[in-house]
Amino acid sequence: MSALGNLGWEAYPAEGWEEISVMDERNTPMRTYQVCNVMEASQNNWLRTRHIARDGAQRVYIEIKFTLRDCNSLPGVPGTCKETFNMFYYESNNANLWFIKESQYIKIDTIAADESFTQVDVGDRVMKLNTEVRDISNLSKKGFYLAFQDLGACIALVSVRVFYKKCPLTVLNLAQFPDTVTGGDSALVEVRGLCVNASEEFEAPRMYCSADGGWLVPIGRCVCKPGYEEHKDFCQPCRPGSYKASATDAYCTKCPPHSSSHLERASECVCEKGFHRAETDPRSMACTRPPSAPENTISTVNETCVTLEWSPPRDTGGRGDITYSLRCRKCSGDDMKCAPCGSGVHFVPRQFGLSVALVMVTDLQPHSNYSFTIESLNGVSDLSPTPRGAVIVNVTTSQTGRNTLSVVLKERRSKDSITLAWQGPDRPNGAIVEYEVIYYEKNQREQNYTVLKTRSNVMTVDGLKPGTTYVFRVRARTEGGYGNYGGEIELETSHEGNMLAIDPNQSTILAVSIAGGIILLIFLVACFVVSGRHCGYIKAKQDPDEEKMHFHPGSKTYIHPHTYEDPNQAVRDFAKEIDASSIRIERVIGAGEFGEVCSGRLRLQGKREIYVAIKSLKAGYSDKQRRDFLSEASIMGQFDHPNIIRLEGVVTRCKPVMIITEFMENGSLDTFLKKHDGQFTVIQLVGMLRGIASGMKYLSDMSYVHRDLAARNILVNSNLVCKVSDFGLSRVLEDDPEAAYTTRGGKIPIRWTSPEAIAYRKFTSASDVWSYGIVMWEVVSYGERPYWEMSNQDVIKAIDEGYRLPAPMDCPVVLHQLMLDCWEKGRSERPKFGQIVTTLDKLIRNPARLRETVSESSRPGSALEDPTTPEFSVSTVEEWLEAIKMDQYKENFSSAGYVTLDSVLYITISELVKMDVTLAGHQKKILSSVQSLQTQGTHVQV
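Following numbering that gives the first Met the number 0, the numbering of the sequence shown begins with 0 at its first residue and continues without gaps.
Next up, the structure:
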């Protein structure tokens, strides 16, 4: 014991343990307790320590050092001599207990010596010192007493050390963990850390203190607050000129352009004068400023419609979120006082927040002065006190009139005809050139309508169904263009043929008598006889200049727009004019030959809003370009089929001129297939091909030849419905000049075009069937390029020599055979589109026929061989090459050592290349014939 004085431990009986002072190895006095009553039997000597405070420890360790005498070294001792002693403890909150019963103690362990001694001479250092450590767990009271029991041993208790373990104070992940006493029974103690200076919890910091006093399993961390960065185990402030905006950022960074920080601990940098940062801008973004004014403004006036175009501002202020807003003011009087235009004026696509530098303003007053202010805006325009960048455009609308008709005044009807009379516009924009009447059955779609034209304000419409309700609308045309249609008139033909009725929908019904009808009829007859053409614009048979067009799907023939003297009339006849205010352009999705292609929404009165594609004619166009652009609409407008792209209408009265079609979400078929390579079942691919064939059958029945049928010209909607598109008369077929072979008649897409169309420009439905076969190959190969990297000249030559595309990977035999049928050299031998649709329908109903696929080994033969060609008997290589019309390679084969038919049976493409047989078509033809040699001996197919 290190104490110099009396330790004051309790020993009982008194003649048991004795407290003795001895010298240690360093000659330092030390206290020991000894007992050695081995000569007397039945020993029970106890030694008890003072109260030992626990200090919060749940587990304490007791280290004892002692010496013990070997019983064999003591002569004459009885058999009760022991070489062990016992150690006990008693927990108590009382620090002054004077007596503890033996039964109250809890035994810690029986202590035995590893080393014992046989001599008593301590001065000669013959004693062997033993060290033992024991522990007590789950302590809960203020303290405890230790006790040592001797049952008849010779012992010297040299040292007793009581201690507990703890995990030391530490800092980890910017969290400080305090000194922590270990737990009892080897349990881990969870400790919550406290964030160090200028830091905050990112995730609650925790660690576990193990029973051995070590820290384990760090969880969570603290991060330095904005304006501070981590440095070793603490957070230090950002220096001037730097900042840290977020606690999750690791380090301070230099201030972005046009900003600075003059003090420490900056969480953001202050913008320089004239520069700003928007609320949504990240703190790391440079400070920016408002843009300058738009430039190069152009205004185009079309009666009461104004198109404004401009260039982006020269200075964007350092931002990319440029938008434009317009303010409209109407000016009047000599002093040109201006006032806001009001809600009657409409802006297309919108007045505020424009992302494109183009807007169309409609519904302006005729012959009026307007002032438009175009502002450039960006994300910080509202933060700047300086005036916004703006440009003012002054325009004057032209004189226009109101060509809208009054209500129909009179009508007369029979079982198969209706006679209408109407009043002209009250303020026409010039002389009336003609009237246009459209009508359709009430229970039919509005698209299935008939158009009639006349120069009179009276018209008889005949050829109607008895007892059927028709809807009529009338509008006038002057030199300034068409006016608006009057209201819808619903009239029903009679069952008897001699009834007279008045339009029930009119607010003012005029009583028309039988006599009045007769007078009107006499007037019409007299007008016809006297005035000739002037009043004869009622029936088509009466005047060849009048056009009567019936729009009933499946019962009409395609009319080429070039047959019209005035191509604009074709557009008016076949395409519905749409008010530009009904269109909302949303985003640019591509570029066409004539301008941008956008997606947007179309809302027509009384109909739900739909998604549409919008092709616009770029500014600066010529009259020819306008005609060519609109020709596609005049063609498309004649078609009505679920597998033909649907025309919604056109915008021709304002700029830009636009063609509106249905929107196809998945874009072109070739791009769609490449994007989803291998993701469809064979049945799905056949379904796509069936839809394309159905659309082409419809076009063929209408005597329309497409000329450019290819996967790039098929559009796909969200339901995988394929629709034929691209009906322009003037088109750029591909960007690659190598992709089209030029003849005197123009450019044609070689890889998709039939031999007769290439050689003689003979385009028919049969040539479209050839192109359809190429489309089949594109679909099954998921958009692979036909004929791969072969040049156009090689493709033409190979096809002429009989080469046909091999089956794509995993292609069903029946589909490749259908492709080969489409690629028959003779036009009359190719199937019709109706037969193709029937064949595909059978495959869809019986998908088992699609399971057999073309194997690799059979592809060359299936691509080249014609099952109708005869067989010739050959015996030499020269005869064989002559039979297959490859005799130009006789010397090549002879020089390479191929002199017998047996020697060519296993020839490969690489060997053909070595012999200068480089044309792919020739290689395929030779290898195909080699296959025949292998199976037929000396017979070969040609």
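Where a beta carbon is used, it is the ideal one built from N, C-alpha and C, also for glycine. The structure displayed is predicted, hence computed values, not measured ones.
What does the Cβ neighbour count give for residue i, buried or exposed, with the cut at 16 atoms within 10 Å?
i, result
"Val132", "exposed"
"Lys762", "With the sequence shown as reference, residue 762 is identified as Phe, and Lys is not the correct amino acid for it. It is buried - the Cβ of Phe762 has at least 16 other Cβ atoms within 10 Å."
"Asn712", "buried"
"Tyr703", "buried"
"Thr907", "exposed"
"Asp767", "buried"
"Gln792", "exposed"
"Lys623", "exposed"
"Pro204", "buried"
"Arg689", "buried"
"Ile518", "Bear in mind that a pLDDT of 36 at Ile518, under 50, signals an unreliable position, so the model cannot answer this."
"Leu262", "exposed"
"Ile682", "exposed"
"Tyr439", "buried"
"Ala155", "buried"
Hey, quick one: how far does the alpha helix (DSSP H) through residue i stretch, first residue to last?
i, result
"Ala882", "876-882"
"Val794", "791-799"
"Arg784", "Here Arg784 belongs to no alpha helix (DSSP H), and DSSP marks it neither H nor E."
"Met818", "812-821"
"Asp572", "566-573"
What is the residue span of the beta strand (DSSP E) that residue i lies within?
i, result
"Asp149", "142-149"
"Arg160", "154-162"
"Ser990", "Nothing about residue 990 can be read from this structure; the chain reaches only from 0 to 941."
"Arg326", "322-331"
"Ala174", "174-176"
"Trp421", "417-421"
"Val774", "Unbroken run through Val774 is the alpha helix (DSSP H), 764-779; no beta strand (DSSP E)."
"Thr205", "Rather than Thr, the amino acid found at residue 205 in this sequence is Arg. First-last of the beta strand (DSSP E) with Arg205: 198-208."
"Val685", "Counting along the chain, Val685 falls outside any beta strand (DSSP E), though it belongs to the alpha helix (DSSP H) covering 681-700."
"Glu435", "431-440"
"Gly463", "The question names Gly, but residue 463 is Leu in the sequence shown. Taken as a continuous stretch (DSSP letters only), Leu463 belongs to no beta strand (DSSP E), as it is neither H nor E."
"Ala10", "9-11"
Determine the direct distance from the alpha carbon of residue j to that of residue i, and round the result to whole angstroms.
i, j, result
"Gln930", "Tyr905", "9 Å"
"Lys272", "Val358", "34 Å"
"Thr179", "Leu168", "8 Å"
"Pro12", "Leu46", "9 Å"
"Phe143", "Ile110", "20 Å"
"Ser506", "Lys441", "A caution first: Ser506 carries a pLDDT of 32, below 50, which makes its placement in the model unreliable, though a value can still be read off. Going from the Cα of Ser506 to the Cα of Lys441 covers about 20 Å."
"Lys253", "Val269", "12 Å"
"Leu719", "Gly666", "10 Å"
"Tyr888", "Leu900", "15 Å"
"Tyr207", "Asp108", "30 Å"
"Tyr697", "His640", "7 Å"
"Ser692", "Ser633", "First, the amino acid is wrong: residue 692 is Ala here, not Ser. Going from the Cα of Ala692 to the Cα of Ser633 covers about 23 Å."
"Pro384", "Val305", "32 Å"
"Pro869", "Phe832", "Any reading at Pro869 must be qualified, since the residue scores a pLDDT of 38, below 50, and its modelled position is unreliable; no value is offered."
"Leu96", "Val161", "20 Å"
"Ser416", "Ala569", "27 Å"
"Ile582", "Val347", "7 Å"
"Leu67", "Ala94", "31 Å"
"Asn301", "Gln637", "28 Å"
"Ser91", "Trp8", "17 Å"
On the DSSP bridge list, what partners appear for residue i?
i, result
"Phe65", "Asn129, Leu156"
"Asn393", "Ser370"
"Tyr60", "Asp134, Phe162"
"Ala590", "Glu595"
"Val76", "According to DSSP, which records beta bridges pairwise, Val76 is partnered with nothing at all."
Problem set entry | Touching by the beta-carbon criterion (3+ pairs, under 8 Å), the segment 595-606 and the segment 668-676 | A contact between stretches requires three or more CB pairs, one per stretch, nearer than 8 Å, and the segment 595-606 fails this requirement with the segment 668-676.
Exercise. Does the segment 50-60 come close enough to the segment 149-157 to have 3 or more Cβ pairs within less than 8 Å?
Worked result: By the Cβ criterion, the segment 50-60 is not in contact with the segment 149-157, since fewer than three pairs of Cβ atoms, one from each stretch, lie closer than 8 Å.
For this session: For the segment 763-782 and the segment 812-828, state whether three or more C-beta atom pairs, one from each stretch, are separated by less than 8 Å.
Result: In short, these stretches touch, since the Cβ pair count reaches three.
For this session: Flag this pair as touching only if the segment 73-88 and the segment 183-203 have three or more C-beta atom pairs under 8 Å; answer yes or no.
Result: Fewer than three Cβ pairs drawn from the segment 73-88 and the segment 183-203 lie within less than 8 Å of each other, which leaves the two stretches out of contact.
For this session: Pair every Cβ in the segment 609-619 with every Cβ in the segment 654-666, then say whether three or more of these pairs are closer than 8 Å.
Result: Because the criterion of three Cβ pairs below 8 Å is met, the segment 609-619 and the segment 654-666 touch.
Exercise. Does the count of Cβ pairs from the segment 913-921 and the segment 891-899 closer than 8 Å reach three?
Worked result: Yes, since at least three Cβ pairs between the segment 913-921 and the segment 891-899 fall closer than 8 Å, the two stretches touch.
Exercise. Any contact of the segment 447-456 with the segment 483-493, i.e. 3+ C-beta pairs under 8 Å?
Worked result: No, because fewer than three Cβ pairs between the segment 447-456 and the segment 483-493 fall closer than 8 Å, the two stretches do not touch.
For this session: State whether the segment 792-804 contacts the segment 840-847, with contact taken as three or more CB pairs (one from each stretch) at a distance under 8 Å.
Result: Too few Cβ pairs lie closer than 8 Å, so no.
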